[in-house]
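For reference, the structure discussed in these notes is given below.
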Amino acid sequence: MKQSNLLKMLGEWVGVGTMTVGDHAGEIEEYLKLETTDKDNSLSYIRKSRITFPERTVLHNEIGYMRTDGMALLLSSGSYEILDWITATAQYEQVAGSADSRNMVRIVEIPHTETMFWRNSMEVDHRGSWVSHTTETKFSAIS
0 MKQSNLLKML GEWVGVGTMT VGDHAGEIEE YLKLETTDKD NSLSYIRKSR ITFPERTVLH
60 NEIGYMRTDG MALLLSSGSY EILDWITATA QYEQVAGSAD SRNMVRIVEI PHTETMFWRN
120 SMEVDHRGSW VSHTTETKFS AIS
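Residue numbering for the sequence shown follows numbering that gives the first Met the number 0, beginning at 0 and increasing consecutively.
In structure tokens, the structure reads:
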């Protein structure tokens with residue numbers, strides 16, 4: 000990701016969107032905060048999500064680092080994921096991860112300074128079976 004796009008993400012964001020885990024679909028509300036770090040071309044972030052499925056509501060937390068060349072994230076499940084930036088496809092793609100996720104792709108689009116989209120797709124181990132897991136969130140800047 001270009002440094003200029005990375006820097007557009009600084010600040011606080013709120014978002015709404017959708018999530019699927021296998022056959023289950025839900026609505027998602029999110030808070031995202033990105034800050035500078037002691038490293039050039041690197042932002043730290045915290046992501047807090049509330050996912051409402053018809054049968055229940057769950058919370059998800061994620062912390063990590065976004066860099067021009069990749070991402071490193073720790074999920075609330077304890078999984079640690081590493082994604083590289085792939086210039087040809089303009090997305091982050093999983094190169095290392097845990098036993099409960101695979102093939103993660105994260106696309107970050109910033110059409111202008113007030114709006115940002117995060118789209119994720121991956122496979123997760125859901126109750127012993129590999130299932131598709133997607134999220135799509137539209138974030139709006141609040142600071």
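All C-beta atoms in this analysis are idealised placements derived from N, C-alpha and C, irrespective of residue type, glycine included.
Annotated three-state conformation of lysine 7 is helix, per DSSP. Taking a C-beta distance under 8 Å as the contact criterion, glutamate 113 and serine 139 qualify as a contact pair.
Counting C-beta atoms within 10 angstroms of its own C-beta, leucine 6 has fewer than 16 neighbours from the protein chains shown and is therefore classed as exposed. Just measuring C-alpha positions, the residue of Glu122, Ile85, Gln90 sitting nearest asparagine 102 is Glu122. The beta carbon of methionine 8 is closer than 6 Å to those of Leu33 in its chain, skipping five residues each way along the sequence. Going by beta carbons, leucine 73 and arginine 105 fall outside the 8 Å limit. For the pair methionine 0 and isoleucine 50, the CB atoms are not nearer than the 8 Å cut-off.
At a Cβ-Cβ threshold of 8 Å, glycine 96 and serine 75 do not count as neighbours. Taking the CA atoms as reference points, tryptophan 84 sits about 5 Å from glycine 69.
The beta-bridge partner set that DSSP reports for glutamine 93 consists of Leu82. It is roughly 23 Å from the alpha-carbon of glutamine 93 to the alpha-carbon of threonine 36. Taking C-beta atoms as the reference points, leucine 31 and arginine 55 fail to come closer than 8 Å.
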